[in-house]
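Residue numbers (this note's numbering): 606 to 976.
Where a beta carbon is used, it is the ideal one built from N, C-alpha and C, also for glycine.
Here is the structure we will look at, set down as C-alpha coordinates.
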Amino acid sequence: MTDKKCVVVIGGGPAGLMAAEVLSASGVQVDLYDAMPSVGRKFLLAGKGGLNLTHSEPFEIFASRFGERRTRVEPMLERFGPAQLQAWAQGLGIETFVGTSGRVFPKDMKAAPLLRAWLHRLRGAGVRFHMRHRWLGWAERGALRFAQADGEVQVPSDTVVLALGGGSWSRLGSDGAWLPWLAERNVAVAPLQPANCGFDVGWSEHFASRFAGQPFKSVAITFSAGDGRSFSRKGEFVATATGVEGSLVYAASALLRDEITARGSATLSLDLLPDRSAQQVSAAVRHPRGARSLSSHLKSRLGIDGIKAGLLYEALSREQMQMPDVLAATIKAVPLRLRAARPIDEAISTTMRGGPSDCILNRRVRAGTGF
(Lines of atoms letter the chains of each structure in order from A and count residues from 1; the text may use other names and numbers.)
(Lines give C-alpha, C1' and ligand atoms only; values in the text may rest on other atoms or scores of the structure.)
Protein backbone atom coordinates (compact mmCIF):
# COMPACT_ATOMS: atom_id res chain seq x y z
CA MET A 1 0.00 0.00 0.00
CA THR A 2 1.35 3.45 -0.93
CA ASP A 3 1.61 6.19 1.64
CA LYS A 4 -1.12 8.83 1.64
CA LYS A 5 -0.07 11.92 -0.28
CA CYS A 6 0.58 14.90 2.00
CA VAL A 7 0.12 18.57 1.09
CA VAL A 8 1.03 21.60 3.18
CA VAL A 9 -1.33 24.59 3.09
CA ILE A 10 0.10 27.84 4.44
CA GLY A 11 -2.56 30.31 5.53
CA GLY A 12 -5.69 29.86 7.61
CA GLY A 13 -8.00 32.33 5.94
CA PRO A 14 -10.97 31.29 3.77
CA ALA A 15 -8.71 30.50 0.79
CA GLY A 16 -6.50 28.19 2.84
CA LEU A 17 -9.45 26.52 4.54
CA MET A 18 -11.18 25.94 1.22
CA ALA A 19 -7.98 24.51 -0.26
CA ALA A 20 -7.73 22.18 2.72
CA GLU A 21 -11.34 21.09 2.25
CA VAL A 22 -10.96 20.31 -1.44
CA LEU A 23 -7.67 18.47 -0.94
CA SER A 24 -8.83 16.42 2.04
CA ALA A 25 -12.01 15.45 0.17
CA SER A 26 -9.83 14.00 -2.58
CA GLY A 27 -8.01 11.74 -0.14
CA VAL A 28 -4.97 13.92 0.53
CA GLN A 29 -3.49 14.39 4.00
CA VAL A 30 -3.47 18.14 4.66
CA ASP A 31 -1.31 19.98 7.18
CA LEU A 32 -2.37 23.63 7.52
CA TYR A 33 0.02 26.18 9.03
CA ASP A 34 -0.83 29.69 10.19
CA ALA A 35 1.06 32.40 12.08
CA MET A 36 -1.81 33.31 14.37
CA PRO A 37 -3.18 31.48 17.44
CA SER A 38 -6.38 30.65 15.52
CA VAL A 39 -7.58 30.63 11.92
CA GLY A 40 -10.07 32.87 10.14
CA ARG A 41 -9.35 36.09 12.02
CA LYS A 42 -10.14 38.48 9.17
CA PHE A 43 -13.15 36.30 8.31
CA LEU A 44 -14.47 36.87 11.83
CA LEU A 45 -13.85 40.60 11.49
CA ALA A 46 -15.93 40.60 8.30
CA GLY A 47 -18.71 39.00 10.31
CA LYS A 48 -19.05 42.14 12.40
CA GLY A 49 -20.65 43.75 9.35
CA GLY A 50 -23.09 40.88 8.88
CA LEU A 51 -20.86 38.62 6.70
CA ASN A 52 -21.91 39.34 3.13
CA LEU A 53 -21.20 35.92 1.56
CA THR A 54 -22.13 36.65 -2.04
CA HIS A 55 -24.82 38.28 -4.20
CA SER A 56 -28.09 37.01 -5.62
CA GLU A 57 -27.98 39.01 -8.86
CA PRO A 58 -28.09 37.12 -12.20
CA PHE A 59 -24.86 35.33 -13.04
CA GLU A 60 -24.17 37.50 -16.09
CA ILE A 61 -24.26 40.66 -13.98
CA PHE A 62 -22.27 39.03 -11.18
CA ALA A 63 -19.52 37.94 -13.58
CA SER A 64 -19.36 41.42 -15.10
CA ARG A 65 -18.26 42.81 -11.70
CA PHE A 66 -14.80 41.32 -12.30
CA GLY A 67 -14.11 43.77 -15.13
CA GLU A 68 -11.02 43.08 -17.17
CA ARG A 69 -10.35 39.83 -15.28
CA ARG A 70 -13.74 38.37 -16.14
CA THR A 71 -12.49 36.09 -18.93
CA ARG A 72 -10.07 34.45 -16.50
CA VAL A 73 -12.37 34.27 -13.51
CA GLU A 74 -15.66 33.29 -15.18
CA PRO A 75 -14.79 29.60 -15.78
CA MET A 76 -14.09 29.29 -12.05
CA LEU A 77 -17.33 31.05 -11.16
CA GLU A 78 -19.25 28.64 -13.38
CA ARG A 79 -17.86 25.76 -11.31
CA PHE A 80 -18.28 27.45 -7.93
CA GLY A 81 -20.32 30.62 -8.04
CA PRO A 82 -22.95 32.26 -5.83
CA ALA A 83 -25.41 29.36 -6.01
CA GLN A 84 -22.76 26.79 -5.13
CA LEU A 85 -21.49 28.95 -2.27
CA GLN A 86 -24.96 29.15 -0.74
CA ALA A 87 -25.37 25.39 -1.09
CA TRP A 88 -21.97 24.91 0.56
CA ALA A 89 -22.99 27.09 3.53
CA GLN A 90 -26.24 25.16 3.88
CA GLY A 91 -24.21 21.96 3.91
CA LEU A 92 -22.53 23.33 7.03
CA GLY A 93 -25.94 23.92 8.60
CA ILE A 94 -25.86 27.66 7.92
CA GLU A 95 -29.10 29.03 6.48
CA THR A 96 -28.81 32.14 4.32
CA PHE A 97 -31.14 34.92 3.22
CA VAL A 98 -31.14 37.61 0.56
CA GLY A 99 -31.17 41.17 1.89
CA THR A 100 -32.97 44.11 0.31
CA SER A 101 -29.79 44.99 -1.61
CA GLY A 102 -29.58 41.52 -3.14
CA ARG A 103 -26.62 40.56 -0.97
CA VAL A 104 -26.61 37.12 0.66
CA PHE A 105 -26.01 36.77 4.42
CA PRO A 106 -26.19 34.02 7.06
CA LYS A 107 -29.54 34.25 8.83
CA ASP A 108 -27.86 35.03 12.13
CA MET A 109 -25.60 37.64 10.45
CA LYS A 110 -22.54 36.15 12.17
CA ALA A 111 -19.30 34.55 10.98
CA ALA A 112 -18.41 32.50 14.07
CA PRO A 113 -21.06 29.74 13.68
CA LEU A 114 -20.04 29.17 10.07
CA LEU A 115 -16.35 29.06 10.95
CA ARG A 116 -16.94 26.62 13.82
CA ALA A 117 -18.93 24.28 11.59
CA TRP A 118 -16.31 24.53 8.87
CA LEU A 119 -13.44 23.69 11.21
CA HIS A 120 -15.41 20.77 12.65
CA ARG A 121 -15.82 19.38 9.14
CA LEU A 122 -12.14 19.87 8.32
CA ARG A 123 -10.93 18.19 11.50
CA GLY A 124 -13.33 15.34 10.82
CA ALA A 125 -11.72 14.97 7.39
CA GLY A 126 -8.31 14.63 9.01
CA VAL A 127 -6.90 18.11 8.38
CA ARG A 128 -4.14 18.85 10.90
CA PHE A 129 -3.77 22.44 12.13
CA HIS A 130 -0.44 23.93 13.19
CA MET A 131 -0.99 27.34 14.80
CA ARG A 132 1.61 29.96 15.72
CA HIS A 133 3.82 28.89 12.83
CA ARG A 134 4.91 31.92 10.80
CA TRP A 135 6.24 31.02 7.38
CA LEU A 136 9.76 32.34 6.64
CA GLY A 137 10.23 31.05 3.11
CA TRP A 138 12.27 28.08 1.94
CA ALA A 139 15.47 26.53 3.23
CA GLU A 140 18.34 25.76 0.85
CA ARG A 141 17.09 22.27 0.01
CA GLY A 142 13.47 23.32 -0.41
CA ALA A 143 12.08 22.60 3.06
CA LEU A 144 9.58 25.11 4.41
CA ARG A 145 10.88 27.35 7.20
CA PHE A 146 8.57 28.30 10.07
CA ALA A 147 9.15 30.45 13.14
CA GLN A 148 7.41 29.19 16.27
CA ALA A 149 7.73 29.62 20.01
CA ASP A 150 10.73 27.31 20.40
CA GLY A 151 12.64 28.71 17.43
CA GLU A 152 12.73 27.85 13.76
CA VAL A 153 11.53 24.52 12.39
CA GLN A 154 11.83 23.13 8.87
CA VAL A 155 9.08 21.08 7.26
CA PRO A 156 9.79 19.04 4.12
CA SER A 157 7.00 19.01 1.57
CA ASP A 158 6.68 17.93 -2.03
CA THR A 159 3.55 20.03 -2.52
CA VAL A 160 2.58 23.30 -0.87
CA VAL A 161 -0.40 25.59 -1.37
CA LEU A 162 0.25 29.23 -0.50
CA ALA A 163 -2.87 31.01 0.77
CA LEU A 164 -1.03 33.91 2.34
CA GLY A 165 -3.51 36.76 2.18
CA GLY A 166 -2.59 40.28 1.17
CA GLY A 167 -1.24 43.19 3.15
CA SER A 168 -4.27 44.77 4.79
CA TRP A 169 -5.19 44.45 8.47
CA SER A 170 -1.73 43.06 9.19
CA ARG A 171 -2.51 42.68 12.89
CA LEU A 172 -4.82 39.81 11.89
CA GLY A 173 -2.00 37.86 10.28
CA SER A 174 -1.45 38.79 6.63
CA ASP A 175 1.33 41.31 6.14
CA GLY A 176 2.65 40.69 2.62
CA ALA A 177 6.08 39.62 3.91
CA TRP A 178 6.05 36.72 1.44
CA LEU A 179 6.57 38.86 -1.67
CA PRO A 180 10.40 38.78 -1.73
CA TRP A 181 10.46 35.04 -1.02
CA LEU A 182 8.41 34.38 -4.14
CA ALA A 183 10.60 36.72 -6.16
CA GLU A 184 13.62 34.66 -5.08
CA ARG A 185 11.85 31.63 -6.58
CA ASN A 186 11.45 33.44 -9.90
CA VAL A 187 7.72 33.97 -9.44
CA ALA A 188 6.62 37.26 -11.00
CA VAL A 189 5.29 39.51 -8.26
CA ALA A 190 4.31 43.17 -8.07
CA PRO A 191 3.80 45.48 -5.10
CA LEU A 192 0.51 45.01 -3.29
CA GLN A 193 -2.12 47.69 -3.83
CA PRO A 194 -5.20 48.52 -1.76
CA ALA A 195 -8.50 47.18 -3.08
CA ASN A 196 -11.99 47.91 -1.79
CA CYS A 197 -10.49 50.93 -0.12
CA GLY A 198 -11.35 54.45 0.91
CA PHE A 199 -9.83 57.63 -0.51
CA ASP A 200 -8.59 60.98 0.76
CA VAL A 201 -10.49 64.05 -0.41
CA GLY A 202 -9.19 66.88 1.74
CA TRP A 203 -12.40 68.18 3.27
CA SER A 204 -12.49 71.57 4.90
CA GLU A 205 -12.17 71.45 8.68
CA HIS A 206 -15.81 72.52 8.99
CA PHE A 207 -17.14 69.74 6.76
CA ALA A 208 -14.95 67.03 8.33
CA SER A 209 -15.84 67.97 11.90
CA ARG A 210 -19.56 68.14 11.16
CA PHE A 211 -20.15 65.26 8.75
CA ALA A 212 -17.43 62.62 9.28
CA GLY A 213 -19.12 59.26 9.79
CA GLN A 214 -22.36 60.27 8.08
CA PRO A 215 -23.62 58.46 4.96
CA PHE A 216 -24.47 59.76 1.53
CA LYS A 217 -27.63 57.77 0.78
CA SER A 218 -29.41 57.29 -2.55
CA VAL A 219 -26.67 58.84 -4.66
CA ALA A 220 -24.89 57.82 -7.85
CA ILE A 221 -21.24 57.90 -8.84
CA THR A 222 -20.07 58.34 -12.42
CA PHE A 223 -16.42 58.17 -13.36
CA SER A 224 -14.54 58.05 -16.66
CA ALA A 225 -10.88 57.06 -16.47
CA GLY A 226 -8.19 58.38 -18.74
CA ASP A 227 -7.67 54.90 -20.22
CA GLY A 228 -11.27 54.70 -21.47
CA ARG A 229 -12.75 52.60 -18.66
CA SER A 230 -15.82 53.95 -16.91
CA PHE A 231 -18.05 53.36 -13.90
CA SER A 232 -21.61 54.40 -13.10
CA ARG A 233 -23.74 53.06 -10.26
CA LYS A 234 -26.26 54.05 -7.60
CA GLY A 235 -25.75 53.27 -3.94
CA GLU A 236 -24.39 54.82 -0.79
CA PHE A 237 -21.10 55.57 0.92
CA VAL A 238 -19.76 57.36 3.98
CA ALA A 239 -17.81 60.56 4.55
CA THR A 240 -14.77 60.10 6.78
CA ALA A 241 -12.56 62.64 8.50
CA THR A 242 -10.18 62.45 5.54
CA GLY A 243 -12.40 61.52 2.61
CA VAL A 244 -14.81 58.76 1.58
CA GLU A 245 -15.34 55.02 2.05
CA GLY A 246 -18.16 52.50 1.81
CA SER A 247 -19.77 50.09 -0.63
CA LEU A 248 -20.30 52.43 -3.58
CA VAL A 249 -16.75 53.78 -3.33
CA TYR A 250 -15.34 50.26 -2.97
CA ALA A 251 -17.13 49.19 -6.14
CA ALA A 252 -15.27 51.88 -8.09
CA SER A 253 -12.02 51.65 -6.12
CA ALA A 254 -9.94 49.75 -8.70
CA LEU A 255 -10.61 52.36 -11.39
CA LEU A 256 -10.11 55.24 -8.98
CA ARG A 257 -6.89 53.80 -7.58
CA ASP A 258 -5.43 53.19 -11.04
CA GLU A 259 -6.36 56.70 -12.15
CA ILE A 260 -4.65 58.23 -9.12
CA THR A 261 -1.56 56.10 -9.76
CA ALA A 262 -1.44 57.18 -13.41
CA ARG A 263 -2.45 60.83 -13.11
CA GLY A 264 -2.06 61.90 -9.51
CA SER A 265 -5.76 62.30 -8.71
CA ALA A 266 -9.21 61.12 -9.78
CA THR A 267 -12.29 63.31 -10.07
CA LEU A 268 -15.64 61.55 -9.95
CA SER A 269 -19.09 63.00 -10.49
CA LEU A 270 -21.59 62.59 -7.66
CA ASP A 271 -25.31 62.82 -8.43
CA LEU A 272 -27.10 63.75 -5.21
CA LEU A 273 -30.55 63.05 -6.71
CA PRO A 274 -30.18 60.22 -9.25
CA ASP A 275 -33.93 59.55 -9.32
CA ARG A 276 -34.71 63.08 -10.54
CA SER A 277 -33.91 64.42 -13.98
CA ALA A 278 -31.80 67.51 -14.51
CA GLN A 279 -34.93 69.32 -15.70
CA GLN A 280 -36.84 68.43 -12.53
CA VAL A 281 -33.98 69.58 -10.32
CA SER A 282 -33.62 72.82 -12.24
CA ALA A 283 -37.35 73.55 -11.96
CA ALA A 284 -37.31 72.89 -8.22
CA VAL A 285 -34.29 75.13 -7.66
CA ARG A 286 -35.91 77.92 -9.68
CA HIS A 287 -39.26 77.65 -7.91
CA PRO A 288 -39.99 80.91 -6.04
CA ARG A 289 -38.95 80.52 -2.40
CA GLY A 290 -40.37 83.73 -0.99
CA ALA A 291 -38.95 84.53 2.44
CA ARG A 292 -37.53 81.05 2.99
CA SER A 293 -33.79 80.56 3.24
CA LEU A 294 -32.00 78.63 0.51
CA SER A 295 -31.42 75.73 2.91
CA SER A 296 -35.14 75.53 3.71
CA HIS A 297 -35.98 75.78 0.01
CA LEU A 298 -33.66 72.90 -0.95
CA LYS A 299 -35.03 70.74 1.84
CA SER A 300 -38.70 71.36 1.05
CA ARG A 301 -38.45 71.17 -2.76
CA LEU A 302 -35.74 68.50 -3.19
CA GLY A 303 -35.22 66.85 0.18
CA ILE A 304 -31.62 68.05 0.27
CA ASP A 305 -30.33 68.74 3.76
CA GLY A 306 -27.68 67.48 6.15
CA ILE A 307 -24.58 66.07 4.51
CA LYS A 308 -25.86 66.59 0.96
CA ALA A 309 -26.45 70.28 1.62
CA GLY A 310 -23.09 70.44 3.38
CA LEU A 311 -21.36 69.03 0.30
CA LEU A 312 -22.95 71.68 -1.92
CA TYR A 313 -21.60 74.41 0.35
CA GLU A 314 -18.24 72.61 0.29
CA ALA A 315 -18.18 72.57 -3.52
CA LEU A 316 -19.65 76.01 -4.30
CA SER A 317 -18.97 79.54 -3.17
CA ARG A 318 -21.69 81.62 -1.53
CA GLU A 319 -22.17 83.46 -4.80
CA GLN A 320 -22.47 80.23 -6.80
CA MET A 321 -25.06 78.87 -4.37
CA GLN A 322 -27.29 81.78 -5.39
CA MET A 323 -26.97 80.97 -9.11
CA PRO A 324 -29.85 78.60 -10.02
CA ASP A 325 -28.17 77.15 -13.12
CA VAL A 326 -24.90 76.46 -11.31
CA LEU A 327 -26.63 75.05 -8.22
CA ALA A 328 -28.93 72.75 -10.19
CA ALA A 329 -26.08 71.45 -12.33
CA THR A 330 -23.94 70.79 -9.26
CA ILE A 331 -26.71 68.89 -7.49
CA LYS A 332 -26.68 66.48 -10.44
CA ALA A 333 -22.89 66.36 -10.75
CA VAL A 334 -20.81 67.37 -7.74
CA PRO A 335 -17.14 67.08 -8.75
CA LEU A 336 -15.29 65.15 -6.06
CA ARG A 337 -11.51 65.09 -6.42
CA LEU A 338 -9.82 62.11 -4.77
CA ARG A 339 -6.19 62.73 -3.90
CA ALA A 340 -4.97 59.33 -2.70
CA ALA A 341 -6.07 55.86 -1.70
CA ARG A 342 -6.07 55.22 2.02
CA PRO A 343 -3.10 53.25 3.44
CA ILE A 344 -2.99 49.60 2.46
CA ASP A 345 -3.42 48.38 6.04
CA GLU A 346 -6.86 50.04 6.17
CA ALA A 347 -8.12 48.43 2.95
CA ILE A 348 -10.75 45.71 2.94
CA SER A 349 -8.44 43.68 0.69
CA THR A 350 -5.34 44.02 -1.46
CA THR A 351 -4.42 43.14 -5.02
CA MET A 352 -1.52 43.22 -7.43
CA ARG A 353 -1.07 43.61 -11.15
CA GLY A 354 0.38 40.40 -12.54
CA GLY A 355 2.10 38.09 -10.07
CA PRO A 356 0.89 34.79 -8.59
CA SER A 357 -2.78 35.35 -9.38
CA ASP A 358 -1.95 35.50 -13.07
CA CYS A 359 0.61 32.71 -12.82
CA ILE A 360 -1.84 30.13 -11.56
CA LEU A 361 -4.46 31.10 -14.12
CA ASN A 362 -1.88 30.65 -16.86
CA ARG A 363 -0.45 27.50 -15.24
CA ARG A 364 3.06 28.95 -15.02
CA VAL A 365 3.74 28.32 -11.34
CA ARG A 366 6.75 26.12 -10.55
CA ALA A 367 5.94 22.46 -9.93
CA GLY A 368 4.83 21.68 -6.40
CA THR A 369 3.71 25.17 -5.45
CA GLY A 370 0.21 26.57 -5.93
CA PHE A 371 -1.38 29.89 -5.05
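Assess contact between the segment 886-904 and the segment 841-854, defined as three or more Cβ pairs (one per stretch) separated by less than 8 Å. Is contact present? In short, these stretches do not touch, since the Cβ pair count stays below three.
Short of 7 Å in beta carbon distance, which residues of its chain neighbour residue 625, apart from the five on each side in sequence? Order them along the chain. Excluding positions up to five away in sequence, the list reads 614, 635, 637, 727, 732.
CB residue 828 to CB residue 871, shorter than 8 Å? Yes; because the gap between Cβ atoms is below 8 Å, this pair is in contact.
Inspect the beta-carbon positions of residue 800 and residue 858 and report whether they are closer than 8 Å. With respect to residue 858, residue 800 sits close: the two C-beta atoms are nearer than 8 Å.
Are the Cβ atoms of residue 773 and residue 949 separated by less than 8 Å? Closer than 8 Å, so yes.
Leaving aside the five residues before and after residue 623 along the sequence, list all residues of the same chain whose C-beta is less than 7 Å from its C-beta, in chain order. None.
In whole angstroms, give me the CA-to-CA distance for residue 694 and residue 643. Each residue's Cα considered, the two are about 21 Å apart.
Run the CB neighbour count on residue 711, radius 10 Å, all protein chains shown included, and call it buried at 16 or more, exposed below. It is buried - the Cβ of residue 711 has at least 16 other Cβ atoms within 10 Å.
For residue 922 and residue 788, I'd like the C-alpha separation in whole angstroms. For residue 922 and residue 788, the distance between alpha carbons rounds to 52 Å.
Roughly how many angstroms separate the alpha carbons of residue 964 and residue 768, rounded to a whole number? Below a pLDDT of 50, predicted positions are generally treated as unreliable, and residue 964, at 45, falls in that range; the measurement from the model is reported next regardless. A direct Cα-Cα distance of roughly 14 Å separates residue 964 from residue 768.
At the level of alpha carbons, what is the spacing between residue 823 and residue 662? It is roughly 19 Å from the alpha-carbon of residue 823 to the alpha-carbon of residue 662.
Residues near residue 815 in its chain [Cβ-Cβ closer than 8 Å; skip 5 each side]: Excluding residues up to 5 positions away in sequence, 915 lie with their Cβ nearer than 8 Å to the Cβ of residue 815 in the same chain.
Find out if the Cβ-Cβ distance for the pair residue 860, residue 646 is shorter than 8 Å. Not closer than 8 Å, so no.
Provide the residue(s) that pair with residue 826 in DSSP beta bridges, ordered along the chain. 838, 875.
DSSP beta-bridge partners of residue 735: Note: residue 735 sits in a beta bridge opposite 638.
For residue 943, which residues does DSSP report across the bridge? Residue 943 pairs with 871.
For residue 620, write down the residues that DSSP places opposite it in a beta bridge. DSSP output for residue 620 lists no bridge partner at all.
If you measure between the beta carbons of residue 862 and residue 798, is that distance less than 8 Å? Yes, Cβ-Cβ distance for residue 862 and residue 798 is below 8 Å.
With distance defined between alpha-carbon atoms, name the residue in 619, 612, 618 nearest to residue 628. Checking every option, the nearest Cα to that of residue 628 belongs to 612.
Look up residue 892 in the DSSP assignment and give the residues it is bridged to. None, per the DSSP bridge assignment.
From the DSSP output, in three-state form, read off residue 612 for me. Assignment of residue 612 by DSSP, reduced to helix, strand and coil, places it in the strand class.
Candidates 685, 633, 913, of which the one nearest residue 763 by Cα: Looking at the Cα atoms, 633 is the closest of the given residues.
So within the segment 658-696, which uninterrupted alpha helix (DSSP H) runs reach at least 4 residues, ignoring any that extend past its ends? Unbroken alpha helix (DSSP H) runs of no fewer than 4 residues, entirely contained in the segment 658-696, are found at 664-669, 675-684, 687-696, following chain order.
Quick check: the Cα distance between residue 669 and residue 682, rounded to an integer number of angstroms? About 11 Å.
Are the CB atoms of residue 877 and residue 826 within a distance shorter than 8 Å? Cβ atoms of residue 826 and residue 877: not closer than 8 Å.
According to DSSP, is residue 853 helix, strand or coil? Assignment of residue 853 by DSSP, reduced to helix, strand and coil, places it in the helix class.
Residue 820 to residue 704 span [Cα, whole Å]: CA-to-CA, the gap between residue 820 and residue 704 works out to about 19 Å.
Can you have a look at residue 924 and say buried or exposed, based on whether 16 or more other CB atoms are within 10 angstroms of its CB? Of the other Cβ atoms in all chains shown, fewer than 16 fall within 10 Å of the Cβ of residue 924; this residue is therefore exposed.
Residue from 945, 864, 839, 817 with nearest C-alpha to residue 911: Per the Cα distances, 817.
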